[in-house]
Amino acid sequence: MKRLLVVGGCLLLTACASAPSHPQDPLEPLNRAVYRFNDTADKAVLKPVAQAYQKVTPQPVRTGVGNFFDNLRDVYSAANHTLQGKAELALTDVLRVSFNSTFGLFGLIDIATPMGLKSNKATLGDTFAHYGWQNSSYLVLPLLGPSTVRDGSGILISNSLEPATGVFQTHTQATTARVLDAVNTRERLLGLETVVEGAALDNYSYVRDGFLQMRAHQLGLPQDKRQQEEDLNIDELVDDPQDASAPAANDASGAAVSPP
Amino acid sequence: MKKLFACFALLFGLSSVAHAADTPVDLVRDTSRQALEMLSKDNGKNSAKVREQLISMVTPKFDFQRMTALAVGKDWRAATPAQKQQLAKEFETLLVGTYSATMTRFKNAQIDIKPNVLLNNEGREAVVKSEVTLPGSAEKKPINVDYTLYKTPQGWKVFNVTVEGGSLVTIYRNQFGEQVRKSGIDGLIKSLQDKNSGAKAA
Numbered sequence: 074m075k076r077l078l079v080v081g082g083c084l085l086l087t088a089c090a091s092a093p094s095h096p097q098d099p100l101e102p103l104n105r106a107v108y109r110f111n112d113t114a115d116k117a118v119l120k121p122v123a124q125a126y127q128k129v130t131p132q133p134v135r136t137g138v139g140n141f142f143d144n145l146r147d148v149y150s151a152a153n154h155t156l157q158g159k160a161e162l163a164l165t166d167v168l169r170v171s172f173n174s175t176f177g178l179f180g181l182i183d184i185a186t187p188m189g190l191k192s193n194k195a196t197l198g199d200t201f202a203h204y205g206w207q208n209s210s211y212l213v214l215p216l217l218g219p220s221t222v223r224d225g226s227g228i229l230i231s232n233s234l235e236p237a238t239g240v241f242q243t244h245t246q247a248t249t250a251r252v253l254d255a256v257n258t259r260e261r262l263l264g265l266e267t268v269v270e271g272a273a274l275d276n277y278s279y280v281r282d283g284f285l286q287m288r289a290h291q292l293g294l295p296q297d298k299r300q301q302e303e304d305l306n307i308d309e310l311v312d313d314p315q316d317a318s319a320p321a322a323n324d325a326s327g328a329a330v331s332p333p
Numbered sequence: 120m121k122k123l124f125a126c127f128a129l130l131f132g133l134s135s136v137a138h139a140a141d142t143p144v145d146l147v148r149d150t151s152r153q154a155l156e157m158l159s160k161d162n163g164k165n166s167a168k169v170r171e172q173l174i175s176m177v178t179p180k181f182d183f184q185r186m187t188a189l190a191v192g193k194d195w196r197a198a199t200p201a202q203k204q205q206l207a208k209e210f211e212t213l214l215v216g217t218y219s220a221t222m223t224r225f226k227n228a229q230i231d232i233k234p235n236v237l238l239n240n241e242g243r244e245a246v247v248k249s250e251v252t253l254p255g256s257a258e259k260k261p262i263n264v265d266y267t268l269y270k271t272p273q274g275w276k277v278f279n280v281t282v283e284g285g286s287l288v289t290i291y292r293n294q295f296g297e298q299v300r301k302s303g304i305d306g307l308i309k310s311l312q313d314k315n316s317g318a319k320a321a
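Below, the structure written as structure tokens:
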């Protein structure tokens with residue numbers, strides 16, 4: 074089901090291209106619909122389940138569950154660092170998996186991090202970006218939340234190449250695991266939705282802009298050009314005779330920072 | 120994404136200028152230390168008082184007018200001085216209200232302020248980098264929080280905070296722009312007022 078929806082989303086890429094409010098969000102109408110769906114599903118199911126999960130499990134158990142899935146992600150990460158030709162990071166990932174899967178009791182304990190083997194998770198989306206697919210449209214994935222077309226495609230492909238198939242024997246087991254992973258992740262994020270609701274005028278736009286800024290930063294990409302230009306002119310923007318708070322901009326250098 | 124939100128509280132909790140501080144790094148460091156000290160006195164019963172103290176300690180270190188200009192972007196030029204005043208006031212209320220509510224979560228945070236500062240704009244603008252670790256949380260990697268400050272006659276003031284590359288200020292630009300397009304600057308002021316009064320009622 075999830076995959077079907079993602080594919081549907083990709084197909085719609087070409088369909089809707091009417092004046093987006095954000096240059097990186099040509100799929101806004103679709104994304105808003107999926108966002109609403111996710112929000113409803115979260116309120117009805119995922120959030121209450123995560124809250125119940127928080128009540129019945131002690132923190133060490135939840136940390137263990139988180140570590141377990143993190144360990145599986147290190148396997149993906151090693152593959153992706155290899156694909157990107159980043160040997161040192163790939164080796165770190167391999168060592169992390171080796172230590173955590175053995176001395177760390179099948180990944181339940183993350184002993185690699187205190188050993189100095191830092192976690193640097195790479196995904197297939199990162200690999201795509203590494204090979205030039207840098208700007209990608211925003212895409213809200215059903216149930217998974219904010220993503221981009223690039224990262225969503227990466228998830229789609231990675232999921233079909235499941236390293237977990239080596240761990241989980243049956244399809245049912247793999248699905249159960251994915252649900253547990255989702256609940257555990259959601260538990261970590263409890264409280265977040267109140268912040269968004271408290272802070273945002275438009276929740277959708279708030280989450281999107283935050284996500285896109287952070288993702289660009291993660292990939293080492295420059296911020297949205299339009300934004301950059303306006304940021305550069307902050308002195309000029311506030312340099313108003315009425316505005317006593319920016320007197321520093323009155324000296325000669327004030328003019329130099331505002332290119333024509 | 121999570122980190123961005125996880126650190127919202129830091130916007131008001133941890134970045135400000137002590138009077139003695141004359142470099143941007145000192146300022147951020149002193150304020151962070153003061154904020155953590157205040158938070159450590161929170162025993163569950165006096166939360167409201169601690170929150171009030173924190174707000175009054177931290178808010179003077181920010182320049183909300185400049186922050187609002189940065190959030191609004193080019194539409195700021197079209198605003199009258201009175202509108203600018205109102206916008207800044209409402210934006211301040213929104214930010215303070217939102218983030219002060221989550222501050223107690225950062226009671227046990229460890230804050231590592233990086234000593235080397237990035238100077239821009241001929242030394243009048245500075246970026247101070249910090250790493251925040253929350254012990255006991257599932258987050259293993261420290262969270263990168265950067266503060267952008269500028270020099271005023273009253274000392275350095277913070278006007279932008281980014282968490283893992285996401286700005287807590289420019290995250291509003293599209294939302295504000297949308298409101299201004301729909302109903303003008305006054306419409307934006309109105310929607311901020313509605314938001315703030317709604318938040319109080321809730």
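Residue numbers (my numbering), protein chains in the order written: chain A, 74 to 333; chain B, 120 to 321.
Where a beta carbon is used, it is the ideal one built from N, C-alpha and C, also for glycine.
All values reported here derive from a predicted model rather than from experimental measurement.
DSSP assignment within the region 128-197 of chain B yields the following whole alpha helix (DSSP H) runs of 4 residues or more, N-terminal first: 143-159, 166-177, 183-191.
When DSSP states are grouped into helix, strand and coil, A:L214 belongs to the strand group. Residue environment for B:Y291: buried (at least 16 other C-beta atoms within 10 angstroms of its C-beta). Bridge pairing for B:A245: B:L238, B:L268 [DSSP]. Judged by DSSP in its simplified three-state form, B:N263 adopts strand. Assignment of B:F278 by DSSP, reduced to helix, strand and coil, places it in the strand class. Residues of the same chain with their beta carbon placed closer than 7 Å to that of A:T258 are lacking, with the five preceding and five following residues left out of the count. Within the DSSP secondary-structure output, B:T252 pairs in a beta bridge with B:Q229.
Going by C-alpha positions, A:Q97 is about 6 Å away from A:Y211.
For A:S150, the enclosing alpha helix (DSSP H) begins and ends at 132-156. With respect to B:I262, B:V251 sits close: the two C-beta atoms are nearer than 8 Å.
For the set B:L214, B:L287, B:Y266, the Cα lying nearest the Cα of B:L238 is the one of B:Y266. Going by DSSP, A:N104 is part of the alpha helix (DSSP H) stretching over 101-114.
Apart from sequence neighbours up to five positions away, the residues of its chain that approach B:A190 with a beta-carbon distance below 7 Å are F210, V288, T289, Y291, R292, F295, ordered along the chain.
Non-local beta-carbon contacts of A:V170 in its own chain, meaning distances under 7 Å to residues more than five positions away in sequence, involve N144, D147, V148, A151 in chain order.
Closer than 8 Å to the CB of A:G283 there is at least one CB belonging to chain B.
Separation of A:G227 and B:P272 (C-alpha to C-alpha, rounded to the nearest whole angstrom) is 51 Å. Of all alpha-carbon atoms in B:K160, B:V215, B:L307, B:T187, the one lying nearest the alpha-carbon of A:L310 is that of B:T187.
With fewer than 16 other beta carbons inside 10 angstroms of its own, A:T249 counts as exposed.
Shown here, A:S220 sits in a strand according to DSSP, grouped into three states. Residues of chain B whose Cβ lies closer than 7 Å to the Cβ of A:Q124 do not exist, since the nearest Cβ in that chain is about 16 Å away.
Excluding residues up to 5 positions away in sequence, V169 lie with their Cβ nearer than 7 Å to the Cβ of B:K160 in the same chain. Note that the region 303-310 of chain B does not touch the region 212-225 of chain B; fewer than 3 beta-carbon pairs, one per stretch, sit closer than 8 Å.
Rounded to whole angstroms, the Cβ separation of A:A160 and A:L292 is 20 Å, and the two are not in contact under 8 Å. Taking a Cβ-Cβ cut-off of 9 Å, B:R148 has no neighbours in chain A, whose nearest Cβ is about 22 Å from it. A:S278 carries a helical assignment under DSSP once its states are collapsed to helix, strand and coil. Shown here, B:G285 sits in a strand according to DSSP, grouped into three states.
Secondary structure note for A:F201: its alpha helix (DSSP H) is the uninterrupted segment 197-203. If you look at A:H244, you'll find it in the alpha helix (DSSP H) that goes 244-261.
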